[in-house]
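To start, the structure under review is shown below, and the notes come after it.
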């Protein structure tokens with residue numbers, strides 16, 4: 013949320029070219045995450061089993077074996093990225109000559125950041141295995157917010173990207189240290205560093221298939237920015253990346269839910285309680301995300317106009333609307349994907365990603381070449397629909413009772429209520445010219461939506477559970 017608020021000011025104070033360069037560096041940093049080989053997720057799965065069985069010695073072996081391997085992979089990534097920064101970086105991309113040295117230094121600092129980021133994944137995974145998501149989210153959330161706030165302060169003061177990335181590096185080092193000491197407090201067994209080579213086999217088997225998905229998935233995730241950067245002037249990347257970045261920040265919601273659910277899904281597997289947990293998560297995600305998506309789709313230009321400005325809104329609104337629809341499929345598909353992994357089918361997902369990448373690359377190239385950033389946004393939407401459809405098909409094949417459980421859990425009523433909300437917002441936004449009145453009426457409609465969800469979609473147990481949570485918060 014901090015990032016969403018800060019973005020327009022960063023664009024204004026950094027300028028289109030520097031902000032576009034920052035987006036490109038973040039994309040490169042995102043690509044480097046493939047080096048983790050998804051060992052963090054593998055650690056969560058197997059460490060959760062060790063915790064349930066009380067195997068403290070194995071827990072220490074798993075933690076240090078994983079973290080040591082991650083450190084080696086992070087070192088390799090930092091070295092490779094440093095070489096890339098010194099030589100071909102500014103030549104491959106359309107970096108203006110006056111930003112050449114600044115871009116190289118910024119990417120060199122990012123290389124150091126990558127080492128600490130990848131190595132810290134092991135400690136973060138251990139905390140997740142203990143289901144201490146409060147600590148993980150606190151460190152991750154505060155670190156992410158500080159990045160944006162410090163970038164804002166430095167940009168307003170006139171500092172360039174190299175100093176801003178240096179500040180990001182300091183924050184990442186602090187996060188690494190904090191994760192380490194939190195792990196020592198939660199699990200004293202890891203105080204003695206011990207490696208066990210036999211633990212590599214299950215970690216690499218599970219993480220290996222996940223790493224294929226990660227490599228392809230990361231390439232797919234950031235491919236859009238590279239295609240826009242290669243085919244269009246660097247300034248166009250700002251108009252494309254900003255709405256995508258806004259939607260990606262909203263994606264933290266589904267990521268938090270999936271991280272919290274994965275240990276429980278892994279431990280219980282095909283138990284009926286797990287299926288019920290999955291169905292409830294799907295319903296809650298749909299109820300929460302769909303209204304946000306509808307508001308962005310029908311009122312996205314208003315949002316960007318207030319958020320950044322009229323000219324920016326005209327250029328970026330179509331992209332924002334397309335990726336918002338894609339976000340709905342992504343949010344629901346991520347829960348299904350999470351369950352498929354917990355059931356032990358990372359290979360099926362990885363094989364799909366291998367087929368998906370060339371198809372998406374071709375669509376992205378042709379659509380961007382023919383329609384500009386709007387074409388890239390449409391390709392992004394098609395990818396999300398395809399991914400969600402496949403994992404849902406896969407889960408239905410593994411668990412034929414999937415759809416039946418969703419219907420029994422009230423998914424049909426939720427879809428009907430959400431359909432009414434979409435129709436209501438569409439009619440109001442298309443028929444009323446006074447924008448302030450539109451927002452007032454839509455707000456009233458949202459209140460009616462909440463009442464319908466509470467009374468017609470939630471069952472008694474869900475209403476009682478939510479009431480208990482609200483009471484405890486007070």
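Residue numbers (the numbering used here): 13 to 486. A virtual CB, placed ideally from N, CA and C, is assigned to each residue, including glycine.
The segment 53-68 and the segment 16-30 do not touch, with fewer than 3 CB-CB distances between them shorter than 8 Å. When only Cα atoms are considered, residue 44 and residue 444 end up about 48 Å apart. Bounds of the alpha helix (DSSP H) holding residue 309 are 284-319. A distance below 8 Å separates the beta carbons of residue 49 and residue 85. The Cβ atoms of residue 130 and residue 82 sit closer than 8 Å to each other. Taking C-alpha positions only, residue 253 is separated from residue 246 by approximately 11 Å. Contact check for residue 162 against residue 118 fails: the beta carbons are separated by 8 Å or more. The DSSP-derived three-state label of residue 73 is helix. Residue 24 carries a helical assignment under DSSP once its states are collapsed to helix, strand and coil. Restricted to the segment 376-453, the alpha helix (DSSP H) segments that are unbroken, complete and at least 4 residues in length are 385-410, 414-420, 423-443, listed in chain order. For the pair residue 398 and residue 413, the Cα-to-Cα distance works out to about 22 Å. By a beta-carbon distance limit of 8 Å, residue 33 contacts residue 111. Their separation comes to about 6 Å. Taking C-beta atoms as the reference points, residue 418 and residue 294 count as a pair closer than 8 Å. With a 10 Å radius around the Cβ and a threshold of 16 neighbouring Cβ atoms, residue 242 comes out exposed. Rounded to whole angstroms, residue 436 and residue 226 show a C-alpha spacing of 39 Å. Taking C-beta atoms under 8 Å as the contact rule, residue 170 and residue 55 fail to qualify, at a distance of about 43 Å.
Around residue 266, the same chain offers 343, 346 as residues with beta carbons nearer than 6 Å, after the five sequence neighbours per side are excluded. The beta carbon of residue 403 sits closer than 6 Å to the beta carbons of 345, 348, 349, 352 from its chain, once the five residues preceding and following it are set aside; these are given in chain order.
Comparing C-alpha distances from residue 257 to each of 335, 373, 449 shows the shortest one belongs to 335.
Non-local C-beta neighbours of residue 447 in its own chain, meaning closer than 8 Å and more than five positions away in sequence, comprise 314, ordered along the chain. A direct Cα-Cα distance of roughly 52 Å separates residue 115 from residue 463.
Between residue 392 and residue 271, the alpha-carbon positions lie close to 24 Å from each other.
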